[in-house]
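A.B. asks: Here it is: the structure, laid out below.
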Amino acid sequence: MAEKSGEDQIFELLKKADPAELEKRQAAISRRLESTFKLSQQRLAELIDQNSTLPSTVSSVTILGSPNTRHGFLQRVVEPLLSSNRDRPYTQSELIREVAKTAEKLRKFGIYHEPVSVYLDKPSQTDPTTTPTDVAVYYSVKEKSRIFAKTGTDLGNAEGSAYANVQWRNLLGGAETLDVNASIGTRTRSSYQATFDTPVLSNPDLRFQVGGLQSATLKAFASHEEVLRGGWSKFRWLSSAGSFHELGYNGVWRQVTGLAQNASQTVKSEAGDSFKSSISHAWTKERRDSPMLPTRGYYAKTATELAGWGPLQGDVAFFKTEFESQSATSIPIPGIKGDSGVTFTTGLRAGLLYPLTLGSKQNPEMSRISDRFQLGGPTDVRGFRLSGLGPHDGPDAVGGDLYAAGSANLLVPLPKVGKDRPFRLQAFVNGGRLLAIRNTEREGVMTSQEVKQSVSNAMSEVGNGLPTMSAGIGLVYAHSVARFELNFSLPLVVRKHEEARKGVSFGIGINFL
């Protein structure tokens, strides 16, 4: 009879072994491995801590895998890291922090695949120019494809569109981007846009952008189509406080055309061309944990535009400012550990368009329909039609010069779905006012004092009585590219000529009130 091999004997022993005993031994092995790993991590942490104050000097910085990027551009990125540009050596903890900052800067340019790998090494000891404290830093990167093209569909604030986009990355070897986009949609019938964006002084947080566009947009709520042709330039930068700033110039020729047969007299009087020349500034601070479905934090944004003043010329003149904020608070629930998934959010928006041209009795609107605010719809004041709030002339929403809107939302996880899924039930109350600044004083051109009085009257009217309001419940789904809401709304306060919408509505957008 043939003897069993060693492997057969082992299998026989395993068959006879008690499963509970095997599980016990496996658990003991796992505990020993975990204990060994924790001990090694502790020793490593102690070693780093003991050496954190040791002096270190960066003798060289090398970036590997970046053949299409200019040497001068990269030199400016890494130059602050070199010890020759400092008045004292790094400590090792400072060195690790600064090396990580430079890696993050390389990542922000958007021309490399993630991650950006970092290696530290001692220079050759045979080199007589080195010192015992010298460290050589190596960054290993992989460049993204320089040409990127895609087609697809976009779902935005009450609009769907199909687009084609071609993007050239690292165009001149300095992280520049040329972006060409063409789209057609339900509201924006056609749009062609080209944008050139480049970092300034090799700083990813300081960028310059110049671009041009041509578009034709259907304004169904006001019985016309708007054609835009023009260009812009912008400086964008990140402040030390973590806020984004944008300073720009815009020059746009606008045309109100394609009027419907039943267009109101207000819209007919706006038909034709106008040219806007303006400077603008925007400030944004984002502290929410998720823009689409926040559970905590806050968001704030201001936008200011000055058109037609002094050397800006153009045939429209105004000062326009807007403010927007949102805050989110997680509500603890007794019996649930950690984040309950129940969130209370509040939102506020307000804006003023102050005319710098003086209207007349025959033309009481002192601003143009292309510049006025619109309010109402599934992404701001729910329970009303798109642009359903504010001044109307017949079938047309003609917009306003002053508005304020607010919302309070309670979001709760769906039963049996859980707080970790991007679905929420919501209950909301929202409302707002949209008013026009009109020339109602006398015949002829108004004086500056009369304009100020008209603005003051409109601001007083905003807080006069209850705002236009609605309440409702709905279902929210937060996707990575857009937020979807299916709501049942009940208008509570509706003013004359405003267009309420009781019942079910569907909203798709990026920024909800």
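All letters in the sequence shown, in the order written, are residues 1072 to 1584 by my numbering.
Backbone N, C-alpha and C fix where the C-beta goes; we use that ideal spot for every residue, glycine too.
#1: Please confirm whether Ser1345 and Ser1262 have their CB atoms less than 8 Å apart.
#2: Over what stretch of residues does the alpha helix (DSSP H) that includes Phe1028 continue unbroken?
#3: With DSSP run on the structure shown, which of helix, strand or coil describes Ala1291?
#4: What does the Cβ neighbour count give for Asn1434, buried or exposed, with the cut at 16 atoms within 10 Å?
#5: Going by DSSP, name the residue or residues bridged to Ile1350.
#6: So what does DSSP say about Asn1582, is it helix, strand or coil?
#7: Give me the Cβ distance between Ala1571 and Pro1562, rounded to the nearest whole Å; I'm assuming they're in contact under 8 Å.
#8: Taking contact to mean 3 or more Cβ pairs, one atom from each stretch, closer than 8 Å, check whether the stretch 1251 to 1270 and the stretch 1159 to 1167 are in contact.
#9: Touching or not, the stretch 1302 to 1313 and the stretch 1334 to 1345, by the rule of three or more beta carbon pairs under 8 Å?
#10: Got a sec? Which residues, its chain only, sit under 6 Å from Val1564 by beta carbon, not counting five neighbours each side?
#11: Alpha carbon to alpha carbon, what distance is there between Thr1128 and Val1413?
#12: Between which two residues does the alpha helix (DSSP H) carrying Glu1185 extend?
#13: How many whole angstroms separate the CB atoms of Asp1451 and Ala1529, which I take to be in contact at a CB cut-off of 8 Å?
#14: With a Cβ-Cβ cutoff of 8 Å, do Gln1475 and Val1533 count as a contact?
#15: Opposite Lys1172 in the DSSP bridges: which residues?
#16: Tell me the DSSP bridge mates of Val1046?
#17: Look up Ala1529 in the DSSP assignment and say whether it is helix, strand or coil.
#18: Going by DSSP in three states, Arg1572 sits in which element: helix, strand or coil?
#19: To the nearest angstrom, report how far apart Pro1449 and Leu1191 are at their CA atoms.
#20: Where Ala1054 and Trp1324 are concerned, what is the direct C-alpha to C-alpha distance, given to the nearest angstrom?
#21: Quick one: what's got a C-beta closer than 8 Å to Leu1383's C-beta in the same chain, skipping five residues either side?
#22: Under a Cβ-count criterion, where at least 16 other Cβ atoms within 10 Å of its own Cβ denotes burial, should Ile1579 be classed as buried or exposed?
#23: I need the straight-line Cα distance from Ser1188 to Glu1175, nearest angstrom please.
#24: Do Ile1508 and Pro1426 have their beta-carbon atoms positioned less than 8 Å apart in this structure?
#25: To the nearest angstrom, report how far apart Gly1223 and Glu1165 are at their CA atoms.
#26: Tell me which residues share the same chain as Arg1566 and place their Cβ nearer than 7 Å to its Cβ, disregarding the 5 neighbours each side in the sequence.
#27: Would you tell me roughly how many angstroms separate the C-alpha atoms of Lys1573 and Val1500, rounded to the nearest one?
#28: Could you check the C-alpha separation between Leu1496 and Ser1458 for me, to the nearest Å?
#29: Taking DSSP as the reference, what is the three-state secondary structure of Pro1151?
#30: Which value, in whole angstroms, describes the spacing of the CA atoms of Gly1143 and Ser1519?
#31: Grouping DSSP H, G and I as helix and E and B as strand, with all else coil, what is His1463?
C.D. replies: According to the structure shown:
#1: In this structure, Ser1345 keeps its C-beta atom at 8 Å or more from the C-beta atom of Ser1262.
#2: Residue numbering for the chain in the displayed model covers 1072 to 1584; residue 1028 lies beyond these limits and cannot be assessed.
#3: Three-state result, Ala1291: helix.
#4: Model confidence at Asn1434 stands at a pLDDT of 49, short of 50, so the residue's coordinates are unreliable; what they give is reported in the following sentence. Exposed: under 16 other Cβ atoms inside 10 Å.
#5: Tyr1320, Leu1377.
#6: Assignment of Asn1582 by DSSP, reduced to helix, strand and coil, places it in the coil class.
#7: The pair is a contact, with the Cβ atoms about 4 Å apart (cut-off 8 Å).
#8: With the cut-off at 8 Å, the stretch 1251 to 1270 and the stretch 1159 to 1167 do not touch.
#9: No: the two stretches stay apart, fewer than three of their Cβ pairs being nearer than 8 Å.
#10: Here the set comprises Leu1537, Thr1539, Met1540.
#11: The straight-line gap from Cα to Cα measures roughly 51 Å.
#12: Premise fails: Glu1185 is in no alpha helix (DSSP H) and is neither H nor E.
#13: Not confirmed; about 20 Å, so no contact.
#14: Note that residue 1475 is Ala in the sequence shown here, rather than Gln. Yes, Cβ-Cβ distance for Ala1475 and Val1533 is below 8 Å.
#15: Looking at the DSSP assignment, Lys1172 forms no beta bridge with any residue, so it has no partner.
#16: Residue numbering for the chain in the displayed model covers 1072 to 1584; residue 1046 lies beyond these limits and cannot be assessed.
#17: It is helical.
#18: Coil, per DSSP.
#19: Each residue's alpha carbon lies about 54 Å from the other.
#20: The question about residue 1054 has no answer here: the residues shown for the chain are numbered 1072 through 1584.
#21: Only residues of its own chain outside the window of five on either side were considered, and among them Ser1348, Ser1349, Ile1350, Leu1377 have a CB closer than 8 Å to the CB of Leu1383, listed in chain order.
#22: Residue environment analysis places Ile1579 among the buried positions, since at least 16 neighbouring C-beta atoms fall within 10 angstroms of its C-beta.
#23: Ser1188 and Glu1175: Cα-Cα distance of roughly 10 Å.
#24: A contact, by the Cβ cut-off of 8 Å.
#25: Answer to the nearest angstrom: the Cα atoms are 46 Å apart.
#26: Within the same chain, Arg1566 has close Cβ partners Thr1539.
#27: Cα to Cα, Lys1573 sits roughly 14 Å from Val1500.
#28: Going from the Cα of Leu1496 to the Cα of Ser1458 covers about 26 Å.
#29: Of the three classes helix, strand and coil, the one that applies to Pro1151 here is helix, per DSSP.
#30: Separation of Gly1143 and Ser1519 (C-alpha to C-alpha, rounded to the nearest whole angstrom) is 54 Å.
#31: His1463: strand per DSSP, three-state reduction.
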